[in-house]
Amino acid sequence: MKDFARRLLLAFALCAGAAGARGGEPGAEPVSGLIVRLHDAPPHAGGRAHALAAAPASPASPAERAERALHARRWAVLLADTGLGRLPGIRLEPVGRASLRLHPARPWSAAEAARWQARLAQRPEVAWAVPDRRESLQQQAGGTAPLPDDPLFPGADGQWWLQPVSGSNANAPEARLRGVPGLRDAWAVGTGRADTVIAVLDSGWTAHPDLDPARLLPGYDLVSDWDDALQRGDANDGDGRDADARDPGDWVSAADRRGDPGRYGACDETDSTWHGTAVLGLIAAHSGNALGVAGIDWAARLLPVRVAGKCGATLHDIVDGLRWAAGLPVCRRSTDTLDPDAGCAEWAPVNPHPAQIINLSYGGVADCNAEYQDAIDELWARGVIVVAAGGNTHAAPTRPANCEHVVGVAALNRDGFKTHYSAFGAALRIATVGGDDAGGHWGGLLADSGLVGLANFGSQGPGVAGYAAHFGTSYAAPVVSGTLGLMRALNPALTSQQLIDGLAASARPHVQSALLAACSSTSPGRCACTASTCGAGVLDAPQALAYAQALARGERYLRPNWPIVQIDTPELRAAVALGPDRESAAGQPLAEQGAGGGALSAVAIAALLMASIALSIRSRRLASASPRPGR
């Protein structure tokens with residue numbers, strides 16, 4: 003029991019930032035290949051027919067055959083002239099709509115990849131060549147609203163982030179909720195509907211008594227890295243891409259690093275995060291079941307798409323995950339060939355439940371690249387909106403939050419100012435609570451208790467289901483995704499542009515303070531947000547739903563005359579007297595960026611412990627009563 007309680011306290015002691023989970027600057031790790039697009043490249047042949055498991059497509063027209071023959075010749079010349087075709091074991095794999103992944107037999111060093119990328123970039127037929135890197139998870143660390151009876155919903159140490167906006171400078175810190183979205187009040191207007199599909203591109207899902215399996219759609223596992231001969235790979239589940247989106251665990255051990263330094267040498271040793279389960283729970287934990295916590299959307303269906311395994315998620319798996327979630331064809335298994343038209347041996351079945359909203363809490367410390375943007379533009383044209391964590395770098399937003407047409411999210415403290423870890427910059431669209439732990443010089447005075455939600459306590463494979471406090475832009479993003487789900491439920495006719503416009507139009511102004519410096523490279527920690535650094539304002543769920551209702555009635559949305567909130571508290575005065583919360587971001591090593599875990603109060607610990615013990619007992623009873631599904 004003591005060990006269980008200790009693990010409860012330490013579970014999700016979140017220390018990974020946008021680069022923190024990788025342990026070094028981007029480019030220091032091996033690169034698994036390059037994703038290349040030629041100008042005027044045709045879409046991958048046969049993708050739709052294979053994906054639908056339909057009869058063979060009708061014969062290609064002479065013009066189509068000529069176009070593909072020309073494309074193949076251009077690739078043959080490119081591979082020969084650059085010398086890439088002479089590398090032993092190199093092959094081409096389809097990625098996205100019309101790109102190909104140059105996959106070497108062994109990962110390239112950063113320097114090798116840069117040389118090949120530069121050589122390709124000089125060729126006039128190449129539209130883009132981008133490294134296929136791993137991306138890191140972004141965790142840190144009206145009427146009367148229906149009140150869920152979930153025991154961890156109320157209270158300052160429970161799900162404070164779901165409570166109404168409240169508090170003033172005169173209140174105790176735990177009673178100041180000026181950064182929350184006010185979801186409890188939004189539920190008076192709507193709690194969601196079952197025809198909304200929200201995809202979560204993450205580490206997969208793990209069974210939890212507070213996660214209703216009836217609302218989980220059949221997802222897909224798109225983590226491709228698996229070596230049958232070595233029985234090793236990032237997928238960590240015995241094969242590559244498959245129809246099982248469950249999370250086997252993403253731990254990295256000392257034995258992994260010793261046994262396969264080429265694959266895991268640049269990865270930090272870490273227990274499994276169960277990150278996907280936490281994100282799914284924030285959006286849609288089973289509300290009103292007298293157990294654990296409540297979720298934001300009470301009816302939407304969830305589509306788990308596994309894109310991340312050990313060490314994070316590769317660019318090509320994320321891109322294909324975005325496309326699969328939207329109902330577009332992707333390749334399940336590639337052939338060992340350099341033929342650009344025959345690179346797929348088997349196509350994945352098309353997702354029969356395309357998502358309208360996609361949540362992505364993984365990202366990389368780099369600008370948006372052409373492959374990301376091409377996939378996102380394709381989804382945007384289909385009316386699919388992508389919500390992405392802004393990053394935990396306390397610097398510029400990470401990708402894909404910095405891509406066009408993406409809702410990049412900054413993380414706020416419960417009192418409304420930027421957390422010590424959150425990225426900031428003009429690319430971000432909106433800000434909301436993400437939990438603010440004890441990191442930074444001011445953490446001891448200004449930290450909050452985090453976003454309490456679902457957790458699993460298995461250090462490697464799945465263990466006891468329970469609850470923990472979460473911190474990071476990883477968790478601010480699903481707050482926005484869940485709110486978008488509620489908006490769409492009220493007005494399914496809203497376009498992606500209208501949804502984004504509605505978030506901005508209904509947002510509350512950022513809080514101000516004469517004590518806090520504005521967010522900048524010289525003030526990258528806890529700071530005062532502006533519309534140019536943290537998005538249009540603070541997410542306000544009741545007003546976002548009012549916007550959706552107004553447009554459904556054919557009316558113009560009238561924004562409230564919001565008062566300006568001025569933050570001036572004893573705790574903030576004492577914090578500012580300590581000097582900067584974080585030093586200037588200029589020149590700071592990326593390994594120092596990110597957020598750490600926060601502590602829970604004794605009351606919260608007791609509540610979580612009792613709930614987890616009850617879950618453990620219930621899980622054992624369920625396990626003894628029903629067979630365990632195999633992978």
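Quick note on numbering: the working numbering labels position 356 of the sequence shown as 358, and the sequence is numbered without any gaps. Just so it is clear, CB atoms sit at the ideal spot from N, CA and C, and this is done for glycine as well.
Can you tell me whether residue 67 is buried or exposed, with buried defined as 16 or more other CB within 10 angstroms of its CB? Residue 67 is exposed by the Cβ-count criterion.
Rounded to the nearest angstrom, how far is the Cβ of residue 284 from that of residue 453, given a contact under 8 Å? Confirmed, Cβ separation roughly 6 Å.
For residue 435, name the three-state secondary structure that DSSP assigns. Correct three-state label for residue 435: strand.
Please name the residue in 530, 277, 190 and 573 whose C-alpha comes closest to that of residue 566. Put simply, of 530, 277, 190 and 573 the residue whose alpha carbon is nearest the alpha carbon of residue 566 is 530.
Using a threshold of 8 Å, state whether the C-beta atoms of residue 553 and residue 505 are closer than that. Against a cut-off of 8 Å, the Cβ pair of residue 505 and residue 553 comes out as no contact.
Please say whether residue 518 and residue 419 have beta carbons closer to each other than 8 Å? Less than 8 Å divides the Cβ of residue 419 from the Cβ of residue 518.
Does residue 597 come out as helix, strand or coil in the three-state DSSP assignment? Confidence at residue 597 is low in this model, with a pLDDT of 31, below 50, so its placement is unreliable and the value that follows should be read with caution. Three-state result, residue 597: coil.
Segment contact flag, the stretch 507-515 with the stretch 401-409, C-beta cutoff 8 Å, min 3 pairs: The stretch 507-515 is not in contact with the stretch 401-409.
Taking the CB atoms as reference points, tell me whether residue 410 and residue 364 lie closer together than 8 Å. No. Outside cutoff.
Every unbroken alpha helix (DSSP H) within the stretch 190-270, with a cutoff of 4 residues, ordered by chain: Restricted to the stretch 190-270, the alpha helix (DSSP H) segments that are unbroken, complete and at least 4 residues in length are 256-261 and 263-266, listed in chain order.
Please decide whether residue 400 counts as near chain D, where near means a Cβ-Cβ distance under 8 Å. Among the protein chains of the structure shown there is no chain D, as only one such chain exists.
Whole-angstrom distance between residue 192 and residue 145, CA atom to CA atom: Any answer about residue 145 is weak, because its pLDDT of 44 lies below 50 and its placement is not dependable; what the coordinates show is given next. When the Cα atoms are used, residue 145 and residue 192 turn out to be separated by approximately 11 Å.
Exposed unless 16 or more other CB atoms sit within 10 angstroms - verdict on residue 563: Its Cβ having fewer than 16 others within 10 Å, residue 563 is exposed.
Just verifying my parser: in three-state terms, what is the DSSP assignment at residue 65? When secondary structure is reduced to three states using DSSP, residue 65 falls in the helix class.
What beta strand (DSSP E) runs, 3 residues minimum, are completely inside the stretch 420-477? Entirely contained in the stretch 420-477, the beta strand (DSSP E) runs reaching 3 residues are, in chain order, 432-435, 453-458 and 467-472.
One or two residues paired with residue 133 in a DSSP bridge: Per DSSP, 36.
Determine the DSSP secondary structure at residue 382, reduced to helix, strand or coil. If DSSP states are grouped into helix, strand and coil, residue 382 belongs with the helices.
Counting Cβ pairs, one atom from each stretch, are 3 or more of them under 8 Å apart for the stretch 78-91 and the stretch 112-128? Yes, the stretch 78-91 touches the stretch 112-128.
Cα-Cα, which of 201, 502, 446 and 159 is closest to residue 329? That would be 201, whose Cα lies nearest to the Cα of residue 329.
Is it the case that the stretch 241-249 contacts the stretch 207-223, given that we only count it when at least three CB pairs across the two stretches are under 8 Å? With a cut-off of 8 Å on Cβ pairs, the stretch 207-223 is in contact with the stretch 241-249, counting three or more such pairs.
Is it true that the CB of residue 353 sits closer than 8 Å to the CB of residue 203? No, they are not a contact pair.
Classification of residue 216 by the beta-carbon crowding that lies within 10 angstroms, buried from 16 upward: By the 10 Å Cβ count, residue 216 comes out exposed.
Sequence-distant residues of the same chain with beta carbon closer than 6 Å to residue 407, five excluded per side: Counting only residues of its own chain and dropping the five nearest sequence neighbours on each side, residue 407 has a CB closer than 6 Å to the CB of 378 and 382.
Answer yes or no: do residue 357 and residue 199 have a C-beta to C-beta separation smaller than 8 Å? A contact, by the Cβ cut-off of 8 Å.
Straight-line Cα distance separating residue 311 from residue 281: A straight-line Cα-Cα distance of about 15 Å links residue 281 and residue 311.
Span of the beta strand (DSSP E) holding residue 418? Residue 418 -> no beta strand (DSSP E), and no H or E assigned at all.
Which of the three DSSP states, helix, strand or coil, is assigned to residue 330? Residue 330 falls in the coil class under three-state DSSP.
From what residue to what residue does the beta strand (DSSP E) around residue 347 run? Residue 347 -> beta strand (DSSP E) spans 346-349.
Does the separation of the CB atoms of residue 520 and residue 475 fall below 8 Å? No, the Cβ-Cβ distance between residue 520 and residue 475 is not below 8 Å.
Residue 105 - containing alpha helix (DSSP H), residue span: From DSSP, residue 105 is part of no alpha helix (DSSP H) but of the beta strand (DSSP E) over 101-105.
What is the rounded straight-line gap between the Cα of residue 54 and the Cα of residue 331? Note that residue 54 scores 47 on pLDDT, short of 50, meaning its location in the model is unreliable; the coordinates nonetheless yield the value given after this. Looking at the two C-alpha atoms, the distance is approximately 8 Å.
Report the rounded CA-to-CA distance for residue 393 versus residue 343, giving the unit in angstroms. Spanning the two alpha carbons is a distance of roughly 37 Å.
Going along the chain, which unbroken runs of the beta strand (DSSP E) with 3 or more residues stay wholly within the stretch 463-551? Complete beta strand (DSSP E) runs here, min 3: 467-472.
Inter-residue spacing [alpha-carbon to alpha-carbon] between residue 497 and residue 430: Roughly 20 Å separates the two Cα atoms.
In angstroms with no decimal places, state the Cα-to-Cα distance between residue 435 and residue 91. The alpha-carbon atoms of residue 435 and residue 91 are separated by roughly 47 Å.
Looking only at its own chain, which residues have a Cβ that is under 7 Å from the Cβ of residue 35, when we skip the five neighbours before and after it? Closer than 7 Å at Cβ, skipping near neighbours: 103, 104, 105, 106 and 134.
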